[in-house]
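Sequential numbering of the sequence shown, starting at 1, is according to full-length UniProt numbering.
Structure record follows, encoded as structure tokens.
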Amino acid sequence: MPKQVDHDVRRTAIAQALWRVAKVRGLERVSLREVAAEAGMSLGQLQHYFSSRQDLMRFAMEFIRRKNIERATERLAGVDDADHVARLRAIVMEMLPTDEESRVGSLLNIDFMLEAARNDELREHARQRMAALRGLLEGQIALAVQAGDVSPECDPRSEAAVLIALSDGLRSHFHLGTHTAAEVVSLMDRHLERLFAGSAAQKAR
């Protein structure tokens, strides 16, 4: 009987190969041929799954997004559903380069964003990912506002955008060597403390 091929497993293996190659060379320098070699298959076999580099980029970023969700889920597993402050922090910390895996993912995300800025189709994919992240943060902040953990004057949508922009900036500074991982976490915590302090100030009035 011909060997049955699990195509989802193959696609994941290709995305992992892209991850390994891009970790060394940077996403912008990666070719389909290099990824195929790293995945242990021919270029033709790879193109059976991804006909273009753009197709592979989209899948790779979705692969990274799923990894981020898995990591965030692990962080949230031990957090009380009613502790909106801790849950928001757990999600935000997953957006920062705090260990080897998240640092590689962060670099690949920066590379992808640069490519997306020059490519209409990738740009739309990036915008959809950003909207999903903003929606997740907005929902968590809204719950914190309802619970009285964040000031009712806080606009969840605007604050979600601020958190994304801050995490993007902190990632860039980390990769440039301006801040250490510990400093990046400390700076984000300072912002979160101010966000939560607004509720305490309201209650003290």
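Quick reminder that beta carbons are idealized off the backbone N, C-alpha and C, glycines included.
Owing to the predicted nature of the structure, the values given are computational and were not obtained by experimental measurement.
Worksheet item: What do you get for Met1, buried or exposed, if any count of 16 or more other CB atoms within 10 angstroms of its CB means buried?
Response: Summary for Met1: the model assigns pLDDT 44, below 50, so the residue's position carries little reliability; its value from the coordinates is reported in the next sentence. Exposed: under 16 other Cβ atoms inside 10 Å.
Discussion item. I'd like the list of long-range same chain contacts for Arg75, defined as Cβ closer than 8 Å, with 5 residues on each side in sequence excluded.
Written reply: Ala90, Ile91, Met93, Glu94
Discussion item. Whole angstroms are fine: how far does the CA of Glu183 sit from the CA of Leu43?
Written reply: 43 Å
Worksheet item: Going by other Cβ atoms of all chains shown within 10 Å of its Cβ, with 16 needed for buried, is Glu153 buried or exposed?
Response: exposed
Worksheet item: Are at least three pairs of beta-carbons, each pair with one atom in the region 59-78 and one in the region 11-25, less than 8 Å apart?
Response: yes
Worksheet item: Helix, strand or coil: how does DSSP classify Thr178 here?
Response: coil
Worksheet item: Alpha carbon to alpha carbon, what distance is there between Arg20 and Ala126?
Response: 22 Å
Discussion item. Between the alpha carbons of Ser151 and Leu133, how many angstroms are there, rounded?
Written reply: 22 Å
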